[in-house]
Each structure stands twice: as C-alpha cells, then as structure tokens.
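Residue numbers (mature numbering (1 follows the signal peptide of the UniProt record, and there is no 0)): -23 to -1, 1 to 82.
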C-alpha cells in the first residue's frame, strides 16, 4: 500500500488539492485509505474491486476523493453511501460500504 500512498501524494500535488475539488491529502487520509485497501480490497464498489479503485493509474479518482472526504469528516456516512451508490449504481455496494465504515476511527 505504500505505492498507493505515494501515488496519492503525487495525484493531489498534480491536481491542486487547494481547488476544493479533491479532499485534502494527509496522514489521516492516507492511513484511512491504507486500512480500506488492506481490509476491504476484494470487495466491490460498482463492478470494480476496491483495490483497483485505489490505484490512481486510471481515470477514475472519484472513489479516492469521496473516501478521502469520509476520512476527514467532510461527508458523513449517509452522504458517502448516497454518493457512491449514485456514481456506481450497481446496487451491490453494501458489503463494501460496511467494510469501509468499519475502518473509520
């Protein structure tokens, strides 16, 4: 997961995290994303496993952004679940959402 944390740092630097579009990157966010990646990796959001969504090599950074916002309290659980289910509308996200929520401090 160190690769993911390093990749996240680069992503946020390149996209300008001060723009308000992406959640702030920092120790809390990185630790949370690492826990999600470790404990929820094979569960699916939409049609993709979480470990795939945490890789920043693709074009889809929505999951990382929303999950980072959840980590720092910018969105609550209900809003996060609503946003994720709307963006990845497969109706099969609940097990992954429960696992993600279990990773919150």
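For glycine and all other residues, C-beta sits at the position ideal for the given N, C-alpha and C.
| Check | Outcome |
| --- | --- |
| Helix, strand or coil at residue 71 [DSSP, three-state] | helix |
| Nonlocal neighbours in the same chain, by C-beta distance under 8 Å from residue 73, ignoring five residues either side | 17, 20, 21, 22, 27 |
| Whole-angstrom distance between residue 9 and residue 31, CA atom to CA atom | 12 Å |
| 6 Å Cβ shell around residue 47 - same chain, five flanking residues per side excluded | 57 |
| Buried versus exposed, by CB contacts within 10 Å (16 or more), residue 14 | buried |
| Coil, strand or helix - residue 54 by DSSP | helix |
| Cα-Cα separation, residue 37 to residue 5 | 22 Å |
| Neighbour-count burial assignment, residue 34, 16 or more Cβ in a 10 Å radius | exposed |
| Neighbourhood of residue 67 by C-beta, 7 Å cutoff - its chain only, sequence neighbours within 5 removed | 23, 24 |
| Local conformation of residue 4 per DSSP, three classes | helix |
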